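Since the structure comes first, as structure tokens, the remarks are kept for the end.
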Amino acid sequence: MRADSYEWSDFASSGFPNMSESKASSGTDGVSSKRPNFLVIVADDLGFSDLGCFGGEIRTPNLDKLASNGLRFTDFHAAAACSPSRAMLMTGTDHHIAGLGNLIEWTNRSDQNAPSEGEIKHWSTAPQRGMPGYEGYLNERVVTLPELLHDAGYLTVMAGKWHLGLVPERFPYKRGFERSFAHLPACSNHYAYEPQLNGQDQIPGFMTMSFIALHSEDGEYVKKLPTDWYSSNGYGAKMLSYLKDRKQANDERPFLPTSRSRLLTGHFKHPTSS
-9 MRADSYEWSD FASSGFPNMS ESKASSGTDG VSSKRPNFLV IVADDLGFSD
41 LGCFGGEIRT PNLDKLASNG LRFTDFHAAA ACSPSRAMLM TGTDHHIAGL
91 GNLIEWTNRS DQNAPSEGEI KHWSTAPQRG MPGYEGYLNE RVVTLPELLH
141 DAGYLTVMAG KWHLGLVPER FPYKRGFERS FAHLPACSNH YAYEPQLNGQ
191 DQIPGFMTMS FIALHSEDGE YVKKLPTDWY SSNGYGAKML SYLKDRKQAN
241 DERPFLPTSR SRLLTGHFKH PTSS
């Protein structure tokens, strides 16, 4: 087991059993004044039947334990792609209302460049970019869960894939997350072996796709990742650091940490492999 796995276990054993013990600002007679903490884990592109609790053959004992002690949804639906699903989860609305009717990477595809198998086209023949509901970022018509909880006095933090906007005014920091370390585009490699940003002029104003592991932290672009960066370890470490900061500051606010794994997306070639 890795060191960071021990840290997660230690944190879970010390913190999560007391998740209902965060103090609320007010209470009602006969009703607990304590508000629950929330931990939201989003696994990008994971099929529900990949998990042991839904019949998968891959061992997932920790998730299976959560399922056995909690509530499993048997009629819970998502969109057919990652950012539309994420938009629905974040807002509770249809993803078209939120501006993510499709992946932004697919909204300008046409039959001229679509791969085909016989008469079957894999991409839409009607370019969608610029149409209402296909803005390609989380728009202002919707309110997000972290915005609501932050306004209600919660500490809201996230680490992992965002894919809901690539420019600073669309960062998680602008949509209710007090602290955030976000992977911005659809996918990239999981390491740090590609060139990083050297200046603001290198950041596209409206980038649709990047295989560079482009990240932001709070309101700023991350210019350089650690040399030993690996996405899953890095996001877990960031999340732990935010929650440890909360503890050290004696911050008694309830919290909403959101972890967004992208282990199943992107490029898996290790930088040392041939």
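Under my numbering, think of the first position of the sequence shown as -9, with each following residue one higher.
Yeah, the Cβ is synthetic: ideal placement off N, Cα and C, and Gly gets one too.
This structure is a prediction, so every number in the text was calculated from the model and none was measured.
Hey, would you say residue i sits closer than 7 Å to residue j, going by beta carbons?
i	j	result
residue 217	residue 134	no
residue 147	residue 26	no
residue 228	residue 149	yes
Would you kindly work out how many angstroms separate the C-alpha atoms of residue i and residue j, rounded to a whole number?
i	j	result
residue 43	residue 54	5 Å
residue 125	residue 90	6 Å
residue 64	residue 38	10 Å
residue 144	residue 233	13 Å
residue 139	residue 92	27 Å
residue 240	residue 129	35 Å
residue 117	residue 60	43 Å
residue 87	residue 122	9 Å
residue 85	residue 203	25 Å
residue 97	residue 236	40 Å
For residue i, write down the residues that DSSP places opposite it in a beta bridge.
i	result
residue 236	DSSP, once it has assigned bridges, lists no residue as partnering residue 236.
residue 86	Bridge partners of residue 86: none, in fact.
residue 213	Note: residue 213 sits in no beta bridge, so no partner.
residue 247	147
residue 205	173
Contact check, residue i vs residue j under 8 Å by CB: the rounded distance?
i	j	result
residue 137	residue 155	Going by Cβ atoms, the distance from residue 137 to residue 155 rounds to 14 Å, so no, they are not a contact pair.
residue 172	residue 162	5 Å
residue 169	residue 141	The Cβ separation is near 16 Å, so there is no contact.
Helix, strand or coil, according to DSSP, for residue i in the structure here?
i	result
residue 134	coil
residue 145	strand
residue 150	strand
residue 59	helix
residue 176	coil
residue 265	Past the edges of the chain, shown from -9 to 264, lies residue 265, and the structure says nothing about it.
residue 31	strand
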